[in-house]
Amino acid sequence: MTTSCLLLGSNLGDRLSYLREAFKRLQQAGIQILAVSDVYESNPWGFDSFDRFLNMAVTIETNLAAVDLLELCLLIEAELGRIRAGEGYSSRTIDIDIVLYSSQVIDLDFLQIPPPRLSVRRFALVPVVQLLPEVVHPVLKRSMIQLLNECPDQNDVIFHTSGEHVWPGSSI
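As structure tokens, then:
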């Protein structure tokens, strides 16, 4: 089993329901949910939209290889109505990113773990730090809490609700 960290986000429709359904589908696919962060709200990053994002992190255990975990995440996104309209950022019903896969560094054309812009995205770091503050970024060799403290992104990331409201019994 490999321990991994995922970041889930939604800014369209019933955002909490999309997060809940993503968790349900991950578990149905054999993913073991270890812990979930609280849910945080923030403005879109990298594009303009009036629809604010809800984001949260989850630590999991899986037997899937990283590429297979990516395929599962993309399948769940598609099943929940995510439309990928080419390059660039856009609003979405659900987004599931693999933030960490054990301590591995994966650099493929279609999959980069950790994501290359993780250290400059406060909306991603805040929930990850809640679960894994001392885990060291395998490329930057800095702990997640250090990356958050040094993050140049000063956009507000506001507590929205407990992770218990998305996945009861799994919050830290």
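Numbering (the numbering used here), first residue to last: 2 to 173. We treat Cβ as the ideally placed atom computed from N, Cα and C, and that holds for glycine. Since this is a predicted model, take the numbers as computed values, not measurements.
Between which residues of its own chain and residue i is the CB-CB distance below 8 Å, once the five residues before and five after are set aside?
i	result
residue 161	39, 40, 41, 42 and 55
residue 45	12, 52, 53, 54, 90 and 92
residue 109	68
residue 62	2, 3, 4, 5, 32, 33 and 35
residue 156	43, 44, 46, 123 and 124
residue 140	106 and 115
residue 73	27, 30, 32 and 65
Going by alpha carbons, who is nearest to residue i out of the options?
i	options	result
residue 53	37, 26, 76 and 11	11
residue 145	121, 129 and 157	129
residue 149	122, 112, 166 and 157	122
residue 102	127, 76 and 64	64
residue 117	76, 97, 138 and 81	138
residue 94	164, 22 and 169	22
residue 8	16, 135 and 100	100
residue 29	104, 156 and 77	77
residue 98	14, 58 and 142	58
residue 80	163, 15, 19 and 142	19
residue 159	136, 134 and 127	127
residue 96	111, 17 and 75	75
Looking only at its chain, what residues have a beta carbon closer than 6 Å to the beta carbon of residue i, apart from the 5 residues adjacent to it on each side?
i	result
residue 27	none
residue 60	6, 35, 36 and 132
residue 1	The requested residue 1 does not occur in the structure, where the chain is confined to residues 2 to 173.
residue 147	none
Can you tell me where the beta strand (DSSP E) holding residue i begins and where it ends?
i	result
residue 54	54-63
residue 34	33-37
residue 127	It is not in any beta strand (DSSP E) - residue 127 instead sits in the alpha helix (DSSP H) that spans 123-132.
residue 96	96-102
Kindly indicate the opening and closing residues of the alpha helix (DSSP H) around residue i.
i	result
residue 24	16-29
residue 6	Note, residue 6: premise wrong, no alpha helix (DSSP H); beta strand (DSSP E) at 3-11.
residue 77	67-80
What residues are listed by DSSP as bridge partners for residue i?
i	result
residue 40	162
residue 1	Lying outside 2 to 173, the shown extent of the chain, residue 1 is not represented and no answer is given.
residue 154	None, per the DSSP bridge assignment.
residue 114	107
Does any CB atom of chain C fall closer than 8 Å to the CB of residue i?
i	result
residue 132	Of the protein chains in the structure, only one exists, and it is not chain C.
Given residue i, which residues of its chain have a CB within under 7 Å of its CB, disregarding the five upstream and five downstream residues?
i	result
residue 153	121
residue 82	94
Report yes if the C-beta of residue i is less than 7 Å from at least one heavy atom of the ligand GDP; otherwise report no.
i	result
residue 113	As for the ligand GDP, it is missing from this structure, which has no ligand bound.
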